[in-house]
Structures are given as structure tokens and as C-alpha cells.
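Beneath this line is the structure, given in C-alpha cells, with notes to follow.
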Amino acid sequence: MKLNLDLQDAHQGPYLAQDRVRALFEIRGPTFHKSPRISVKFVGTMVVSFPTHVNGASPGQFTTVLFEESRKIEYRDLQWDEDEASGESIYTTPIDFQFPAEANCYCARPQKCQLPPSMDIVEPEMSVKVTYGIVVSVGRCILGPMTKVKSVAVEIPFSCTPTITSLPRSSCVLSVAMNEKSGRRYAHQRNAIMDQEHADGSCPSYSPKYSPSIKVEVLLPQPAVLIRGQPTPVRVIIHTPPDVLESGVYLRSVTMDLKSTVMTSVGMLPRTATQRRHGCSMAGAVKIDSEVFELDSGAWGNFFVMNTKPTTQSCIVRLDHAMEIVTGISIGLGSDVKYAVATFDTIVMDPPPAYEVGDAIRLQA
Ligand SMILES: [Zn+2]
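Just so we're aligned, residue 0 is where the sequence shown starts under numbering that gives the first Met the number 0, counting upward by one.
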């Protein structure tokens, strides 16, 4: 007896909440003399595992059932045919389920959380695997009360659309403080300066002792909603005070990564794991020759988001993304490069359905 289960519209890419899932189930083999018992289950699960060695916390594996729906397939629902070449019987039946609108989550509110996207995150501190699938089991009586059970499963890719309550910003400013000492100008002794514009979009103000400073402005064409698989062009503008400019300022590197944080709330405590993925970068020595200098970022300055999942918010699992930007600036071409780091929150989404057909297949591959 050979079982087969195929999704009927898998080519359309990942499914979304409330999408219908259609599959065709097939049994090939000898003709049944007794009705087989056939059950089908549509289930979403999240398995979170912790290694033994992290912070002495209890290791283990936690399985959360996000939803589950089971039903029986009656023998009379099977269509019978015969393979003329082999003489085998072929039984088929369509299977139809609908993704629920929300997860069977911990929220006490009537409004439950959205289902998280399919994911398989493996990090030293935590592994998180979210899968959706259909499982069909066929039980055949072989001898009196003895039953032989055979199963077949198909995994169903699922994605979600983030709920955007407020749009993220479209720019951030990094500041590299420069000091003047004994007649020479050199970058301030702090190597990495966490320095961002304020939440209201205003630039940070500096006490006179930190002046002057070089500001690196990173601009996106729109609020930082990044679409998976599509490039987001990045502009980099360097603002240099005139007296610093005279000393010969060089931009040495710009690195932009996507920092993704997954947080789960299973077991005793919420736990997080962080992943970093390369977005775009340049390295070299670009002479800054004007007070407001726009870097030619045409060739390298496209920020790509590929192997991650859309922003997810639920009480079971959260996936948050931020752009992490590091710039290196030097006075002259020596090895004394001063770095500034900034992060700003972004939302990651799948491409809209109209563009999904080709991209989705490439991303699945
Ligand atoms: Zn919830």
C-alpha cells in the first residue's frame, strides 16, 4: 500500500490566515476487502528546544499546538480506479481545510494572537520550529483485531502579515565625535558610540565638550518596512563641520545588517535568540570633500532581506527586526578608525500577493 498526499495549489507560495488548503490524497495497492480506517489531521505546532548548558536554566523541549483539526474520511468518500498497467487499485479523495484566523494562544482576551509564520531557527541558546501540515493515517485490519497503520504527511508553508500600528522611521543618524587636542585633531576616544536621533525624529544635541562631531545620516526611501526578496535602496549622507573637513576625513566602512530577535514564552521564562544577517556593506577609503557629502551607494547600497521571516507579534512567539548600522571614519588614511553604531527598528513583510508567485518559489527553494 502506497500513500501519496499532494497540495493542489502549492505553487502560489506561502499560505496566509484563513486561506483554504486543498490536497489530493491517494492510496495505491491491493483492493480493500474491509473498509480501512482513515483519519486526517490539520495541525500547526511550535517546538522550542533549549540546550542544556545555557545559564543553568532547565533544558528541554516544549511543544505548543497552535491549532488542530481532525476528521475521518469514510470509505465511501474514496473514488476508486484501476491502474491498467499494474492492476493496482487507486483510491483518491480531495482534502480541504482552512487556516484559522488566529492561534490557540495563551491570551485570555476574546481576540487571540495571529499564527506565527513557518520558521526553523537554530541558535546556540534556543531552537524554534513552527510547522503546519496535514497528516493522513490509514489503518487496515490485517488479522482479527490487529491493525496496521500507515501515515503520510505534507508540510504547508505559512506566512503572516505583520500588524503595523505605527510606521517605523525612515532614517537614522550616527554621530562620530571628534576631539581637538595638542594642536592635532583626532577622533574622540570612544570607539563605539551608541548615538541615535531621538524617537521624535530630532537630532541629538551635544554638550560643547563633545563638539565637533561628524554625523552620518542613513536614509531609506520610505518608512523602514522591508519586503523580503526586494532591494531597499539606502542613501548615506555625511555631515562634517568645516574645521574637521580641513584635516582630511575619510569614510572607511559602512555595514548594515539585519538583526532579528526571536522571543518565545514557553516553559518558565521568556527567552530570546538573536540572528544577524548581512544586508549591505562597503569598505575602502572615500575622501569626504564637502560639508554635506552624499556617498555614491548605487552599486552596493541595496539592503536585501532574504532568509528571515516576517515581523511576528504574539504571546507565544515574537520576531522583531532592526537594521544595525556601523560606520567607520578616520582622519587621514591611518589605521585609527573610529566607529559609530546605531540600530533602528524595521518591519519585515512578505511581498504583496500580486508579486508573490515567482518570488515565493525562489524563496522556498
Ligand atoms: Zn495571544
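All C-beta atoms, glycine included, are put in the ideal place defined by N, C-alpha and C.
Straight-line CA distance for Arg75 to Val265?
-> Taking the straight line from one Cα to the other gives about 43 angstroms.
Neighbour-count burial assignment, Thr375, 16 or more Cβ in a 10 Å radius | Limits of the chain in this structure are 0 at one end and 364 at the other, which puts residue 375 out of reach.
So, are the CB atoms of Ile324 and Ala298 less than 9 angstroms apart?
-> For Ile324 and Ala298, no; Cβs fall outside 9 angstroms.
Under the three-state reduction of DSSP, which class applies to Ile74: helix, strand or coil?
-> Reading off the sequence, residue 74 comes out as Tyr, not Ile. Helix.
Three-state secondary structure (DSSP) at Leu268?
-> Three-state result, Leu268: coil.
Enumerate in chain order the residues of its own chain whose CB-to-CB distance from Asn301 is below 8 angstroms, with the five nearest sequence positions on each side excluded.
-> Pro230, Thr231, Pro232, Val233 and Cys279.
Just to check, is the beta-carbon of Cys104 closer than 8 angstroms to a non-hydrogen atom of ligand 1?
-> Within the cutoff, so yes.
What residue range is occupied by the uninterrupted alpha helix (DSSP H) comprising Val243?
-> Val243 -> alpha helix (DSSP H) spans Pro241 to Leu244.
Report the option in Ile315, Val336, Asp5 and Gly333 whose CA atom is closest to the CA atom of Val151.
-> Closest option to Val151, Cα to Cα, is Asp5.
Just to check, is the beta-carbon of Cys112 closer than 8 angstroms to a non-hydrogen atom of ligand 1?
-> The closest heavy atom of ligand 1 lies less than 8 angstroms from the beta carbon of Cys112.
Between Ser252, Met0 and Glu83, which lies nearest to Arg27 when the distance is taken from Cα to Cα?
-> Of Ser252, Met0 and Glu83, the residue nearest in Cα terms is Met0.
Cα-Cα separation, Phe49 to Ala282 = In this structure, the CA atom of Phe49 is about 38 angstroms from the CA atom of Ala282.
When we look at the beta-carbon of Ile346 and count the other beta-carbons within 10 Å, is it buried (16 or more) or exposed?
-> Burial state of Ile346 is buried, judged by a 10 Å Cβ sphere holding 16 or more other Cβ atoms.
Give every residue of the same chain whose Cβ lies closer than 6 angstroms to the Cβ of Arg19, excluding the five residues on either side of it in the sequence, and list them in chain order.
-> Only Gln97 meet the Cβ criterion.
For the candidate residues Gln60, Met322, Tyr105 and Ile328, whose alpha-carbon lies nearest to that of Leu225?
-> It is Met322.
Is Asp82 helix, strand or coil when you go by DSSP?
-> Three-state result, Asp82: coil.
Check each candidate in Val248, Ser88 and Lys71 and name the one with the smallest Cα separation from Gln78.
-> Answer by Cα proximity: Ser88.
Ends of the beta strand (DSSP E) at Cys140?
-> Per DSSP, the unbroken beta strand (DSSP E) holding Cys140 starts and ends at Met125 to Leu142.
In the DSSP assignment, find the unbroken beta strand (DSSP E) run with Arg168 in it and report its ends.
-> Looking at the DSSP string, Arg168 is not in any beta strand (DSSP E), and its letter there is neither H nor E.
Nonlocal neighbours in the same chain, by C-beta distance under 7 angstroms from Ser296, ignoring five residues either side = Excluding residues up to 5 positions away in sequence, Val233, Arg234 and Val235 lie with their Cβ nearer than 7 angstroms to the Cβ of Ser296 in the same chain.
Quick one: Cα of Pro351 to Cα of Ile37, how far?
-> Roughly 38 angstroms separates the two Cα atoms.
If you count every other CB in all the chains shown that lies within 10 Å of the CB of Gln60, and 16 or more means buried, which is it?
-> By the Cβ neighbour-count rule, Gln60 is exposed, with fewer than 16 other Cβ atoms within 10 Å of its own.
Does the distance from the CB of Ser212 to the CB of Met177 come in under 9 angstroms?
-> Contact flag set, yes.
Alpha helix (DSSP H) runs wholly inside the region 229-317, at least 4 long, in chain order = Listed in chain order, the complete alpha helix (DSSP H) runs (minimum 4 residues) inside the region 229-317 are 241-244.
Close Cβ partners of Lys71 (< 6 angstroms) along its chain, the five nearest in sequence each way excluded = Same-chain partners within the cutoff: Ser38.
Buried or exposed: which applies to Met125, given that a residue is buried once 16 or more other Cβ atoms fall within 10 Å of its Cβ?
-> Answer is buried; the Cβ neighbour count reaches 16.
Kindly confirm or deny that the region 40-47 and the region 107-126 touch, where touching means at least three C-beta pairs closer than 8 angstroms.
-> The region 40-47 is in contact with the region 107-126.
May I ask you to verify whether the region 268-278 touches the region 242-251, counting CB pairs closer than 8 angstroms and requiring at least 3?
-> Because the criterion of three Cβ pairs below 8 angstroms is not met, the region 268-278 and the region 242-251 do not touch.
Coarse secondary structure for Gln11, derived from DSSP in three states = Looking at Gln11 - three-state DSSP - the assignment turns out to be helix.
Verify the contact flag: Cys314, CB atom, against every heavy atom of ligand 1, threshold strictly below 8 angstroms.
-> Relative to ligand 1, the beta carbon of Cys314 is positioned inside 8 angstroms of a heavy atom.
Taking Val217 as the reference, which of Pro240, Arg227, Thr239 and Met255 has the closest Cα?
-> Shortest Cα-Cα distance from Val217 to any of Pro240, Arg227, Thr239 and Met255 involves Met255.
Beta carbon of Glu101 nearer than 9 angstroms to that of Gly132 | In this structure, Glu101 sits away from Gly132, with a CB-CB distance that is not shorter than 9 angstroms.
Exposed or buried, which one is Ile141 when buried takes at least 16 other CB atoms within 10 Å?
-> Ile141 comes out exposed.
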